[in-house]
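Enquirer:
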Amino acid sequence: MAEDTNNTEQGAPVPPVPEPSEPVAQPVPPAQPQPQPQQPPMGQQMPPQQPYQAPQPTYQPQPQPMYMPAPLMQLTGGMKFGWFVVGALMGIPGIVISWLVNVDKLPQVKSDALKWTIIGFVVWIVLGILIGLAIGGMITAMVAGAMGTAGYYGYDYHGTW
Numbered sequence: 001m002a003e004d005t006n007n008t009e010q011g012a013p014v015p016p017v018p019e020p021s022e023p024v025a026q027p028v029p030p031a032q033p034q035p036q037p038q039q040p041p042m043g044q045q046m047p048p049q050q051p052y053q054a055p056q057p058t059y060q061p062q063p064q065p066m067y068m069p070a071p072l073m074q075l076t077g078g079m080k081f082g083w084f085v086v087g088a089l090m091g092i093p094g095i096v097i098s099w100l101v102n103v104d105k106l107p108q109v110k111s112d113a114l115k116w117t118i119i120g121f122v123v124w125i126v127l128g129i130l131i132g133l134a135i136g137g138m139i140t141a142m143v144a145g146a147m148g149t150a151g152y153y154g155y156d157y158h159g160t161w
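In UniProt numbering, the protein residues as written are 1 to 161.
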């Protein structure tokens, strides 16, 4: 038979006794301040304090995949203008540079770069010829006008009717 926990013979109920399997709450003592390091006695050196070092991370960075750039399929407008300027300003050496720089490119890119370098060179030559003719014509007209006003070599237009 089980024992009666309520003491009915005395008339007052008795609180149950806690079983040993239940944890009993112990009072926590108040936190005490940590003692400060004491000064060593005179004549002794204090041991050096180690500086705080943060813990080193233990993870290893993952290697990033390496993507190769896509090959140049065609020249942009700025690239064409750039090769045009190289051909115009450098001439034959610009054409050689254009050929050497684009040796390993796709055939379309190589031919476009070389084509625009040659176009720049030819335009520069044509402009040089036109400017030379214009300047030569102006100088010839100036000399002819100067000679006519001086009356030399039959450049006199007076009385030719």
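Don't be surprised by glycine CBs; every beta carbon is placed ideally from N, CA and C.
Grab the span of the alpha helix (DSSP H) containing Ala88 for me, first residue to last.
Expert: Stepping through the sequence shown from its first residue, residue 88 is reached at position 88. It spans Gly77 to Met90 - the alpha helix (DSSP H) in which Ala88 sits, taken as one unbroken run.
Enquirer: Is there contact here, the stretch 70 to 86 with the stretch 99 to 112, by at least three beta-carbon pairs under 8 Å?
Expert: Touching, per the Cβ criterion.
Enquirer: Check the C-beta distance from Thr117 over to Ser98 and give it rounded, since I have them as a contact under 8 Å.
Expert: On the sequence shown, position 117 is the one that residue 117 refers to. On the sequence shown, position 98 is the one that residue 98 refers to. At roughly 4 Å, the Cβ-Cβ gap stays under 8 Å, so Thr117 and Ser98 are in contact.
Enquirer: Apply the 10 Å Cβ neighbour rule to Val86 and answer buried if 16 or more other Cβ atoms are within range, or exposed otherwise.
Expert: Residue mapping note: residue 86 aligns to position 86 of the sequence shown, counting from 1. With 16 or more other Cβ atoms within 10 Å, it is buried.
Enquirer: Taking the C-alpha atoms as reference points, what is the distance between Leu72 and Lys105?
Expert: Taking the sequence shown and counting its residues from 1, the one referred to as residue 72 is at position 72. Taking the sequence shown and counting its residues from 1, the one referred to as residue 105 is at position 105. Each residue's Cα considered, the two are about 7 Å apart.
Enquirer: Looking at the structure shown, is Lys105 part of a helix, part of a strand, or coil, going by DSSP?
Expert: Mapped onto the sequence shown, residue 105 falls at position 105. It is coil, neither helix nor strand.
Enquirer: Assign Leu72 to one of three DSSP states: helix, strand, or coil.
Expert: Taking the sequence shown and counting its residues from 1, the one referred to as residue 72 is at position 72. Of the three classes helix, strand and coil, the one that applies to Leu72 here is coil, per DSSP.
Enquirer: Starting from the C-beta of Tyr67, find all residues in its chain whose C-beta is less than 8 Å away, skip the five residues before and the five after it, and write them out in chain order.
Expert: Position 67 of the sequence shown, counted from the start, is the residue given in the question as residue 67. Taken in chain order, the list of residues that qualify is empty.
Enquirer: What is the DSSP secondary structure of Thr117, reduced to helix, strand or coil?
Expert: The sequence position of residue 117 within the sequence shown is 117, counting from 1. It is helical.
Enquirer: Rounding to the nearest angstrom, what Cα-Cα distance links Trp124 and Leu100 in this structure?
Expert: Here residue 124 is taken as the residue at index 124 of the sequence shown, counted from 1. Here residue 100 is taken as the residue at index 100 of the sequence shown, counted from 1. For Trp124 and Leu100, the distance between alpha carbons rounds to 21 Å.
Enquirer: When we look at the beta-carbon of Gly94 and count the other beta-carbons within 10 Å, is it buried (16 or more) or exposed?
Expert: Position 94 of the sequence shown, counting from 1, holds the residue named residue 94. Gly94 is buried by the Cβ-count criterion.
Enquirer: Consult DSSP for Pro55 and reduce its assignment to one of helix, strand or coil.
Expert: Within the sequence shown, the letter at position 55 stands for residue 55. In this structure, Pro55 counts as coil in the three-state DSSP scheme.
Enquirer: Grab me the residues of Ile119's own chain with a C-beta within less than 8 Å of its C-beta, minus the 5 sequence neighbours each way, in chain order.
Expert: One-based indexing of the sequence shown puts residue 119 at position 119. Taken in chain order, the residues that qualify are Phe84 and Gly87.
Enquirer: Using the three-state DSSP reduction, which class does Pro93 fall into: helix, strand or coil?
Expert: Here the question's residue 93 lines up with position 93 in the sequence shown. Helix, per DSSP.
Enquirer: Under 8 Å, do Phe121 and Gly91 count as touching if we go by C-beta distance?
Expert: One-based indexing of the sequence shown puts residue 121 at position 121. One-based indexing of the sequence shown puts residue 91 at position 91. Yes.
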